[in-house]
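Undergrad:
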Amino acid sequence: MTVKKTALFIIVSLFLAGCAAREDILTLDDSMTSIHQRMAMLERENVDMKNRLASLVKTEEGKAESFQGKTAEIKASHDRLSEELQSLRGKMEETEFLLKPAEGEQKEREARLIALEKGLQEQRDRIKRIEGHLKLEPLEAKVSGTPPPAVTPKAEPPKVLSENETYAEAKQAFDRGEFEKARTRFQELLKNYPASIHADNAQFWIGESYYREKWYEKAILEYQKVVEKYPTGNKVQASLLKQGLSFQNLGDTANARLILKELVRKYPTANEAKIAQQKLKEIP
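Numbered by our numbering, the letters in the sequence shown go through residues 44 to 327 in order.
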């Protein structure tokens, strides 16, 4: 009896132990499954994190390369701008160097022009005084009463000459030494045909007529009209030369030298410039 109880107890104990072990195994399996799932999830998260990290690294590398590229581009632009700035500075210095003589020449020309204008104004004043002295007072009637009006024949209207005829007649009068008549005809040409091809020559010969009469003040003013009104004509050089000689004849050596030097400077190859150079040697 006792043996049977003992055997039964052992069998029951083993059964109960087997049941307990099976439950533990099931619990352990569940735990393992949960652990595997957790590990799988962690591995996925790890892979995802690695991918994200790789992406971030790649992005940062791209940014770094882009930044390096931009830095290189900026440096290249800076170098290029520095070179251009240096070039501009060089050109500016060269321009300033070239402008210094030009500024000096400009100031010298302005001084010459001021002196010339002053001299011309002085000559104009002298001409006005001379003209004032030359004016004649009207004659007083020596007999009382008014004489009967004289009967004059009806004059025919004057013939209007062409510009070529007017110029030819004026030049012929000039060549004969009839300077007043020549001036009248030249002035008619300028009045009636201001755009004539002979206009600059006519104006020059008016000045020349005064020069021949040694009325140098008037000659200077008439020559100046040639220079101002007909700067592209063929009488500018001759007018400047005669202006200089007129001042010399008046004893105004300062303005004479000024104008003759201007003639040589502006028209160095002209025949008048050669004459001016010779005259400059003679002027004290």
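No residue lacks a Cβ here, since even glycine has one placed at the ideal position from N, Cα and C. None of these values were measured; they are calculated from a predicted model.
How many Å lie between residue 112 and residue 98 at the Cα?
TA: 20 Å
Undergrad: Only counting the same chain, and skipping five residues up and downstream in sequence, which positions put a Cβ closer than 6 Å to that of residue 241?
TA: 210
Undergrad: Closest by CA to residue 204, which one among 235, 245, 216 and 296?
TA: 235
Undergrad: Alpha carbon to alpha carbon, what distance is there between residue 150 and residue 216?
TA: 44 Å
Undergrad: Between residue 283 and residue 301, is the Cβ-Cβ spacing less than 8 Å?
TA: no
Undergrad: Measure the Cβ-Cβ separation of residue 248 and residue 225 and say whether it is below 8 Å.
TA: Judged by beta-carbon spacing, residue 225 lies within the 8 Å limit of residue 248, meaning their Cβ atoms are closer than that value.
Undergrad: At the level of alpha carbons, what is the spacing between residue 325 and residue 314?
TA: 17 Å
Undergrad: Excluding sequence positions up to five away, which residues of its chain have a Cβ less than 8 Å from the Cβ of residue 292?
TA: 257 and 259
Undergrad: Note down, in chain order, each residue of its chain lying with its Cβ closer than 6 Å to the Cβ of residue 279, except the 5 sequence neighbours on either side.
TA: Cβ neighbours of residue 279 beyond the five flanking positions: 270.
Undergrad: Please go through the same chain and pick out, in chain order, the residues whose beta-carbon is closer than 6 Å to the beta-carbon of residue 286, but skip the five residues on each side of it.
TA: Excluding sequence neighbours, residue 286 sits near 263, 266 and 302.
Undergrad: So, helix, strand or coil for residue 309, using DSSP?
TA: DSSP, read as helix, strand or coil, puts residue 309 in helix.
Undergrad: Please state whether DSSP places residue 232 in a helix, a strand or coil.
TA: helix
Undergrad: Identify whether residue 340 lies in helix, strand or coil by the three-state DSSP scheme.
TA: Because the chain in this structure spans residues 44 to 327, residue 340 falls outside the shown range and cannot be described.
Undergrad: For the alpha helix (DSSP H) containing residue 245, name the first residue and the last one.
TA: 242 to 255
Undergrad: Residue 283 by DSSP, collapsed to three states: which one?
TA: helix
Undergrad: Applying the criterion that 16 or more other CB atoms from any shown protein chain within 10 Å of the CB defines a buried residue, is residue 251 buried or exposed?
TA: buried
Undergrad: Once the 5 residues before and after residue 163 are set aside, which same chain residues still bring their CB inside 8 Å of it?
TA: 263, 264 and 267
Undergrad: May I have the straight-line CA-CA distance separating residue 253 from residue 220, to the nearest angstrom?
TA: 11 Å
Undergrad: In terms of residues, what are the limits of the alpha helix (DSSP H) holding residue 206?
TA: 206 to 218
Undergrad: So what does DSSP say about residue 315, is it helix, strand or coil?
TA: Helix at residue 315.
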